[in-house]
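These notes concern the structure reproduced below.
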Amino acid sequence: MAADASSRARKDDPEEEYDPYLHRNLPSPNKSIETLGHLIKGIIGTGILALPEGFKLAGMINGIVSTILIGLLSTYCLRILVKSQYELCKKKRVGLLTYPESMEYACEVGPKMFHGFAPYAGAITNFFLVTFQVGTCCVYVVFVAVNIKYVGDEYTNPPIALTYYILMFTVPFLLIIMVRNLKHFAPFSIVANLITLLTIGVCGYYMFQDLPPFSSRPAFGKAGDYALYFGTSLFSLQSITVVTSAENNMANPRQFLTPFGVLNVGMAIVVVIYSFFAASGYWKYGEDIKSSITLNFPSSDAIAQSIRVLYSSAIFISYGLQGIPAVYIIYHDYVLPRIGEDATKQKKLTYEYGLRLGLVIISIVLAMSVPLLGQIISLVGVFCLSALGITFPAIIEMSAHWPDRLGPGRICLWKDLFIIIFGLFGLIVGTYSCVYNIVQELIVMYQK
Numbered sequence: 001m002a003a004d005a006s007s008r009a010r011k012d013d014p015e016e017e018y019d020p021y022l023h024r025n026l027p028s029p030n031k032s033i034e035t036l037g038h039l040i041k042g043i044i045g046t047g048i049l050a051l052p053e054g055f056k057l058a059g060m061i062n063g064i065v066s067t068i069l070i071g072l073l074s075t076y077c078l079r080i081l082v083k084s085q086y087e088l089c090k091k092k093r094v095g096l097l098t099y100p101e102s103m104e105y106a107c108e109v110g111p112k113m114f115h116g117f118a119p120y121a122g123a124i125t126n127f128f129l130v131t132f133q134v135g136t137c138c139v140y141v142v143f144v145a146v147n148i149k150y151v152g153d154e155y156t157n158p159p160i161a162l163t164y165y166i167l168m169f170t171v172p173f174l175l176i177i178m179v180r181n182l183k184h185f186a187p188f189s190i191v192a193n194l195i196t197l198l199t200i201g202v203c204g205y206y207m208f209q210d211l212p213p214f215s216s217r218p219a220f221g222k223a224g225d226y227a228l229y230f231g232t233s234l235f236s237l238q239s240i241t242v243v244t245s246a247e248n249n250m251a252n253p254r255q256f257l258t259p260f261g262v263l264n265v266g267m268a269i270v271v272v273i274y275s276f277f278a279a280s281g282y283w284k285y286g287e288d289i290k291s292s293i294t295l296n297f298p299s300s301d302a303i304a305q306s307i308r309v310l311y312s313s314a315i316f317i318s319y320g321l322q323g324i325p326a327v328y329i330i331y332h333d334y335v336l337p338r339i340g341e342d343a344t345k346q347k348k349l350t351y352e353y354g355l356r357l358g359l360v361i362i363s364i365v366l367a368m369s370v371p372l373l374g375q376i377i378s379l380v381g382v383f384c385l386s387a388l389g390i391t392f393p394a395i396i397e398m399s400a401h402w403p404d405r406l407g408p409g410r411i412c413l414w415k416d417l418f419i420i421i422f423g424l425f426g427l428i429v430g431t432y433s434c435v436y437n438i439v440q441e442l443i444v445m446y447q448k
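End of the sequence shown sits at 448 in the UniProt record's numbering; the numbers just go up one at a time, nothing left out.
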């Protein structure tokens with residue numbers, strides 16, 4: 001009889017009845033091993049070449065420990081985000097919720113202090129998502145231009161200014177962002193992934209030659225530089241869009257959050273690779289480490305020149321993939337509702353291509369205005385990912401469990417409040433520190 005009563009209780013509970021995983025209509029879902037591959041290759045990008053400079057800012061021991069801790073925090077926040085989105089989908093009785101939709105609905109059903117924030121929550125989340133994607137595009141522009149300039153300087157006298165290299169790539173970036181069908185990127189993405197593996201291998205070849213004593217590298221950096229390291233590590237280790245997309249497209253999404261599931265295994269691999277690579281790069285080059293470790297390789301070396309060109313090509317391809325989410329959000333959430341679904345196809349395409357053009361212009365102008373690769377990476381990481389990767393997941397979890405599923409002593413509430421305060425502190429202090437450093441660097445640069 002107790003079993004019958006329990007069964008009836010489950011049937012009477014709409015949240016227990018509804019399973020969002022059973023209401024996802026996926027044309028070609030991915031297996032767990034495929035999702036793991038997508039997760040790892042989606043997170044490993046320019047950040048792996050920039051994090052060695054982050055270790056210069058943090059110090060060797062502090063950098064290793066901090067990278068592991070930030071990796072654990074990032075994994076935990078991604079975990080509570082995915083889990084809480086599932087809970088919200090059960091409440092709303094839908095198969096999927098986007099990140100902005102999750103944030104908006106969480107504020108509607110969460111504590112009263114969030115209710116007034118609910119009408120703006122989706123737009124604010126979109127703002128950070130778009131800013132992150134545009135900022136990443138800006139990073140890619142500077143990365144490509146700087147690496148190609150290092151090669152070009154060997155063959156031009158006098159050297160061509162970095163600004164002109166950025167301008168040279170305007171048309172190629174325009175062409176790649178105008179590709180609407182993502183299937184056209186597939187073969188190039190495979191090549192880009194192979195180039196990434198080759199680049200990491202070549203980096204190892206240079207890094208492990210004539211290593212100095214490990215003790216020659218300071219254990220701790222300057223306290224004032226830690227915010228720059230924090231931003232770089234967040235940019236390197238966090239990828240909200242990759243994680244949510246990977247989970248949403250799984251054939252068996254329950255395997256995503258198991259103890260040895262896709263998220264934990266994938267992030268563990270990423271954190272180990274990043275920690276080892278960054279520590280090795282800083283160990284080799286010390287205070288001479290540059291914003292991309294490829295810039296430390298011998299300028300006239302044919303292998304070094306080849307890898308700079310090849311990896312720049314891979315990042316160039318990724319530019320199109322990074323820009324598309326920003327265009328999609330602005331077009332579908334803000335432009336299309338204004339022009340109307342019944343607008344002509346030509347009108348819709350005109351607005352869409354206009355947004356793509358605008359994205360390239362903005363990223364080129366920003367790259368020319370602030371051609372500081374390391375500082376841009378830190379700023380994008382600390383400003384966008386302190387919100388998207390730390391603060392917002394805690395808000396969503398608190399709201400999803402509100403008011404009667406917060407655990408003994410409301411431990412979930414206090415834990416999430418701590419994470420929110422930490423995320424906001426990192427965002428405010430980190431952004432101020434990054435902007436201050438950028439201004440100081442620009443003053444020095446323009447005085448030369």
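Don't be surprised by glycine CBs; every beta carbon is placed ideally from N, CA and C.
Of the residues the options, the one placed nearest residue i, counting alpha carbons only
i      : options                           : result
PHE173 : GLY423, LEU379, GLY358 and LEU442 : GLY358
GLY430 : TYR282, HIS23, THR232 and LYS31   : THR232
ALA118 : LEU427, THR196, ALA227 and ILE396 : ILE396
LEU72  : TRP414, ILE293 and GLN238         : GLN238
CYS137 : VAL271, GLY340, MET368 and LEU162 : MET368
VAL360 : LEU49, MET178 and THR156          : MET178
VAL82  : GLY261, ILE421 and ILE160         : GLY261
PHE208 : ALA219, ALA279 and PHE425         : ALA279
VAL146 : GLN85, PHE276, TYR86 and PHE316   : PHE316
PRO325 : TYR226, ALA161 and LEU355         : LEU355
GLY42  : GLN322, ALA251, PHE392 and LYS90  : GLN322
GLY426 : PHE169, THR391, ILE166 and ALA251 : THR391
GLU34  : ILE124, GLY45, ALA246 and GLY122  : ALA246
Close beta carbons around residue i, own chain, < 7 Å, minus the five adjacent residues each side
i      : result
ALA384 : Reading off the sequence shown, one finds Cys at residue 384, where the question assumed Ala. Counting only Cβ-Cβ distances below 7 Å, and skipping sequence neighbours, we find PHE128, THR131, PHE132 and GLY135.
GLU287 : LYS56
PHE214 : TRP283
ALA314 : ALA192, ILE195 and THR196
ASN126 : PRO100, ILE329 and ASP333
LEU26  : ASN249
ILE293 : LEU49, PRO52, CYS203 and GLY281
CYS434 : ALA227, LEU228, GLY231, GLN375, SER378, LEU379 and VAL382
For residue i, three-class secondary structure by DSSP
i      : result
MET60  : helix
ASN30  : strand
ASN25  : coil
ARG79  : helix
LEU388 : helix
ALA400 : helix
GLU441 : helix
LEU129 : helix
PRO172 : helix
LYS91  : helix
PHE220 : coil
ALA123 : helix
PHE297 : coil
ARG410 : helix
SER292 : coil
ILE68  : helix
THR431 : helix
TYR446 : helix
PRO259 : coil
Contacts around residue i, its chain only, beta-carbon distance under 6 Å, and the 5 residues preceding and following it disregarded
i      : result
MET1   : Annotation note: pLDDT 43 at MET1 (below 50); position unreliable, no value reported.
GLU352 : TYR331
GLN305 : VAL151
PRO111 : TRP402
GLU17  : none
GLY95  : PRO20, HIS23 and ARG24
GLY47  : PHE235 and SER236
SER66  : ALA58
PRO218 : GLY59
TYR432 : none
Residue i: first and last residue of the uninterrupted alpha helix (DSSP H) it sits in
i           : result
TYR18       : From DSSP, TYR18 is part of no alpha helix (DSSP H); its letter is neither H nor E.
GLU268      : First, the amino acid is wrong: residue 268 is Ala here, not Glu. Unbroken alpha helix (DSSP H) run through ALA268: 262 to 285.
VAL382      : First-last for VAL382: undefined, no H or E at that position.
HIS115      : 112 to 115
PRO337      : 336 to 339
TYR155      : Premise fails: TYR155 is in no alpha helix (DSSP H) and is neither H nor E.
residue 460 : In the structure as shown, the chain starts at 1 and stops at 448, and residue 460 therefore has no counterpart that could be examined.
ARG308      : 302 to 330
MET207      : 186 to 207
SER233      : 226 to 237
For residue i, the residue or residues it bridges with in DSSP
i      : result
MET103 : Bridge partners of MET103: none, in fact.
MET250 : ASN30
Proximal residues to residue i (C-beta, below 8 Å), its chain only, five neighbours per side dropped
i      : result
SER216 : GLY286
GLY320 : ILE176, ILE177, VAL179 and PHE185
LEU373 : ALA50, VAL139, VAL142, PHE143, VAL146, SER291 and SER292
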